[in-house]
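Residues 88 to 311 in this note's numbering are what the sequence shown spells out, letter by letter. The beta carbon of each residue, even a glycine, is placed where N, CA and C say it ideally should be.
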Amino acid sequence: MIDGIEAVAFDIDGTLYPSWKLYIRMPFYILRNFRFYISYNKARNALHKTAPLADFYEYQARLFSEYSGIDIPRSRELIKNVSYDGLKKFFLKIKPYKYAYECIKHMKEKGLKIGILSDFPPDQKGDIWGIRDLCDVCIGSEEAGALKPSIYPFGILSKKLGVAPEKILYVGNSIKYDVRGANNAGMKSAYILSGLKRIFGGKLDEADITFKTYRQLERAVLNT
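Structure, rendered in structure tokens:
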């Protein structure tokens with residue numbers, strides 16, 4: 088086992104499942120909601136740079152309202168219906184990366200605490216392919232008040248796990264949001280190679296672990 092590690096936490100989107108499995112199911116949905124997503128993406132980009140908020144969802148609705156010209160109550164309703172609840176159906180047929188569940192289960196059996204920290208509500212993915220039942224902590228960064236790479240949601244994760252940041256390994260697929268966010272919060276990081284990077288990508292120097300499969304991650308963490 089990696090020296091000093093007491094917990095392993097995971098991003099969800101693009102980390103526990105390949106992002107393309109979602110994208111190939113969404114083109115007509117995106118087209119139907121094209122104007123929504125133009126304003127929503129602008130709001131989310133701004134929120135990635137925003138300090139922790141007392142009411143993230145209210146501020147998100149206000150930003151969306153500014154970009155779209157739609158009143159705040161309707162903006163709040165649209166975000167819920169289109170971006171949160173509206174995507175749930177797509178995850179019903181998406182499967183996680185091969186061996187992801189088994190890897191996390193083995194980590195749990197070895198005494199490591201397990202966490203989830205995602206920039207979208209974990210409830211959107213139901214039981215997260217059974218992984219939720221293995222988790223000691225499962226939170227969305229939105230409920231913590233700030234999106235990654237802010238160190239604030241990572242700090243909330245550490246506090247809820249009851250584990251010091253330097254004893255947590257955070258696993259993600261984004262260099263900017265996951266690797267650098269975790270590193271800046273004092274955590275160790277693991278980076279999953281996806282897409283063409285799985286074929287041509289090499290070790291990421293900024294991450295403590297770079298891996299292509301969950302069997303590789305298990306071997307790296309548990310020294311099996």
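Query, Result
"Grab me the residues of ASP98's own chain with a C-beta within less than 7 Å of its C-beta, minus the 5 sequence neighbours each way, in chain order.", "LEU204, SER205, VAL258, GLY259, ASN260 and ASP265"
"I need the straight-line Cα distance from ILE117 to TYR124, nearest angstrom please.", "7 Å"
"Tell me whether SER309 sits in a helix, a strand or coil according to DSSP, three-state version.", "What sits at residue 309 in the sequence shown is Leu, not Ser. Helix."
"Once DSSP output is grouped into helix, strand and coil, what is the label at LEU118?", "helix"
"For SER205, which beta-bridge partners are listed by DSSP?", "GLY227"
"DSSP on ALA133, reduced to helix/strand/coil?", "helix"
"So, are the CB atoms of TYR171 and PRO208 less than 8 Å apart?", "yes"
"Of the residues LEU174, LYS200 and LYS284, which one's Cα is nearest the Cα of CYS222?", "LYS200"
"So the candidates are ALA187, LYS182, GLY213 and ASN271; which of them puts its Cα closest to the Cα of LYS108?", "LYS182"
"Using the DSSP secondary-structure output, state which residues sit across from LYS176 in a beta bridge.", "Partner(s): none; LYS176 has no beta bridge."
"Cα separation between LYS129 and SER152?", "11 Å"
"Quick check on the burial criterion: 16 or more other C-beta atoms within 10 angstroms. Buried or exposed for SER162?", "buried"
"ALA277 lies in the beta strand (DSSP E); which residues open and close that run?", "275-279"
"Mind pulling the alpha helix (DSSP H) runs of 4 or more residues that sit fully within the segment 150-199?", "159-165, 175-178 and 187-196"
"Look at the alpha carbon of PHE115 and the alpha carbon of ARG122, and state the distance between them as a whole number of angstroms.", "13 Å"
"So what does GLY259 bridge to, in DSSP terms?", "TYR278"
"Do you know offhand how far GLY198's Cα is from LYS192's?", "10 Å"
"Can you name the residues that DSSP bridges to TYR104?", "ASP100"
"Can the beta-carbon of ARG302 be found closer than 8 Å to that of TYR186?", "yes"
"Quick one: Cα of ARG219 to Cα of ASN271, how far?", "26 Å"
"Using three-state DSSP, classify VAL95 as helix, strand or coil.", "strand"
"Using three-state DSSP, classify ILE296 as helix, strand or coil.", "strand"
"Skipping 5 residues on each side, what residues in its chain have a beta carbon closer than 6 Å to that of HIS135?", "LEU234"
"With DSSP collapsed to three states, give me the class of LEU304.", "helix"
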